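Enquirer: Pasting in a structure now, in structure tokens, and then I'll have a few things to ask.
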Amino acid sequence: MRIVAKIGTSSVTTASGEIDTTMVQALCDQVAQLRVAGHEVIVVTSGAVAGGVAALGLSQRPTDTLTLQALSAVGQSRLMSVYNAALERHGLVGAQVLL
């Protein structure tokens with residue numbers, strides 16, 4: 003069975019806006035269990051903008067599109083790094099679709 007999971011920003015970030023490594027690891031543990039059970043798993047995740055805000059130490063989330071895109075670019079690589087580290091523990095490789 004194919005399972006698509008949409009993970010929201012609040013599920014992968016801490017109260018202070020940092021990427022929550024522990025939560026991402028727990029999510030990836032569940033992905034690994036589903037894969038072992040024979041399922042195809044696709045994770046759609048938010049959190050890139052929040053990761054960018056935290057990485058750049060901003061006190062507030064900007065609202066203009068250009069800045070949000072820049073923050074997303076900064077945060078996306080950090081978010082994928084956390085996901086890939088968590089997946090590697092299970093011998094899995096993460097990938098992203100660029101739109």
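In short: position in the sequence shown from 1, add 2, done, that's our numbering. A virtual CB, placed ideally from N, CA and C, is assigned to each residue, including glycine. No experiment lies behind these values; they were computed from the predicted model shown.
Report yes or no: do the stretch 60–70 and the stretch 43–50 share at least 3 C-beta pairs separated by less than 8 angstroms?
Expert: Contact fails: fewer than three Cβ-Cβ distances are below 8 angstroms.
Enquirer: Is GLY77 close to chain D? Criterion is C-beta to C-beta, closer than 8 angstroms.
Expert: In the structure shown, chain D cannot be found, because there is only a single protein chain.
Enquirer: Let me make sure I understand the geometry here. Which of LEU94, ALA39 and GLY77 has the alpha-carbon closest to that of VAL51?
Expert: Your numbering for residue 51 matches position 49 in the sequence shown. Among LEU94, ALA39 and GLY77, the Cα nearest to that of VAL51 is on GLY77.
Enquirer: Rank ALA34, SER48 and VAL14 by C-alpha distance to the C-alpha of ILE5 and give the top, closest one.
Expert: Within the sequence shown, the letter at position 3 stands for residue 5. Among ALA34, SER48 and VAL14, the Cα nearest to that of ILE5 is on ALA34.
Enquirer: Compute the beta-carbon to beta-carbon distance between CYS30 and ALA88, rounded to the nearest angstrom, for a pair I have assumed lies under 8 angstroms.
Expert: Numbered from its first residue, the sequence shown carries residue 30 at position 28. Numbered from its first residue, the sequence shown carries residue 88 at position 86. Sure, about 4 angstroms apart at Cβ, within 8 angstroms.
Enquirer: How many Å lie between GLY10 and LEU81 at the Cα?
Expert: Taking the first residue of the sequence shown as position 1, residue 10 is located at position 8. Taking the first residue of the sequence shown as position 1, residue 81 is located at position 79. Roughly 13 angstroms separates the two Cα atoms.
Enquirer: If you draw a straight line from the C-alpha of SER12 to the C-alpha of GLY49, how long is it?
Expert: Residue numbering aside, residue 12 sits at position 10 when the sequence shown is read from its first letter. Residue numbering aside, residue 49 sits at position 47 when the sequence shown is read from its first letter. Taking the straight line joining both Cα atoms gives about 8 angstroms.
Enquirer: Buried or exposed for THR24, please, with buried defined as at least 16 other CB atoms from any protein chain shown within 10 angstroms of its CB.
Expert: The residue you call residue 24 lines up with position 22 of the sequence shown. With fewer than 16 Cβ atoms within 10 Å of its Cβ, THR24 is classed as exposed.
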